[in-house]
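*Asks:* Residue 253 in numbering that gives the first Met the number 0 sits at position 254 of the sequence shown; the count goes up by one each step and never skips.
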Amino acid sequence: MITAGIDVGSTAAKAVLLKDKKILGWAMIPTGWSPQKAGEEVLQRAVDAAGITAADIHRVVGTGYGRVALDFLDKAVTEISCHAMGANYYFPENKMVIDIGGQDSKVILVNKQGKVINFLMNDKCAAGTGRFLQVTVNGLGLELDQLDRLPPAEPVNINSMCTVFAESEVISLLAAGTAKESIVAGLLKSIAKRVSTMAGSIQENVNVTFTGGVAQNRLLREMLARELGVEVMVPPVPQIIGALGAAIIARNIG
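#1: Quick check on Phe-90: does DSSP put it in helix, strand or coil?
#2: DSSP beta-bridge partners for Trp-32?
#3: Answer with buried or exposed for Thr-128, where buried requires no fewer than 16 other C-beta atoms within 10 angstroms of its C-beta.
#4: Do the segment 13 to 28 and the segment 45 to 60 make contact, defined as three or more Cβ pairs closer than 8 angstroms?
#5: Determine whether the beta carbon atoms of Asp-98 and Thr-196 lie at a separation below 7 angstroms.
#6: Look at the alpha carbon of Val-109 and the alpha carbon of Ile-157, and state the distance between them as a whole number of angstroms.
#7: How many angstroms separate the CA atom of Lys-20 from the CA atom of Ile-201?
#8: Tell me the rounded alpha-carbon separation between Ile-107 and Asn-87.
#9: Is there contact between the segment 58 to 66 and the segment 151 to 165, where contact requires at least three CB pairs shorter than 8 angstroms?
#10: Between which residues of its own chain and Thr-254 is the CB-CB distance below 8 angstroms, once the five residues before and five after are set aside?
#11: Of all the options Lys-179, Lys-18, Pro-29, which has the alpha carbon lying nearest to the alpha carbon of Gln-238?
#12: Can you give the Cα-Cα distance for Val-7 and Val-41, rounded to whole angstroms?
#13: From which residue to which residue does the beta strand (DSSP E) around Met-95 run?
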């Protein structure tokens, strides 16, 4: 049985195809202005990558903020449940999932079966999200994929976690002659501190699976592990974990 999971997020749409617990294919594209079109296109791209046809798919589950726009789903499921199940696919021994998405950040406590025990979500402001990092880093004239190539530096203190004020603070630090790498290190440390505080309010000293596009950043992973005092593991493609979880849930529907 082939199942599909689609995660239409604020910045990217992802799709994963699953057969007998094996990933057949996946795809990821910018969400753009139409969540429905993004969902349809990313599913077709995953189908093409898997070398199958849409008719071969037995069931489709959607998640993400754009799931309400997908009228071809068999079921829609919350991101919390999907990220928990997707992370469990790779690291079933880990009890916590941290997902930093474009517009929110989530801390999810899970059991060995990938079921949600508890969670905390920041979706009221951009602090500690991919959007926060994108805006502030762009203020430095950098792109996110350049951050890991910067030389090591001592992090400067970033006092504001509000995107608007943090961007102003970055500009002031630049004007004062502060090195870009020190500012980036400070931004990443501020995100790690905020997310680790969220995690600690649920449970401490449990190994973590880190998902979402921001999880690709090596320095942030290291800072997060240091703040939490535990091992932080990242799946091979951390952006598709929500879609993977949706595909697993589709498989488990009776």
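Glycine included, each C-beta is placed from N, C-alpha and C at the ideal position. Values in this document were obtained by computation on a predicted structure and should not be read as measured data.
*Replies:* Walking through what the data contain:
#1: coil
#2: Partner(s): none; Trp-32 has no beta bridge.
#3: buried
#4: yes
#5: no
#6: 32 angstroms
#7: 30 angstroms
#8: 11 angstroms
#9: no
#10: In this structure the chain extends from 0 to 253, so residue 254 is not present and cannot be described.
#11: Pro-29
#12: 9 angstroms
#13: 95 to 99
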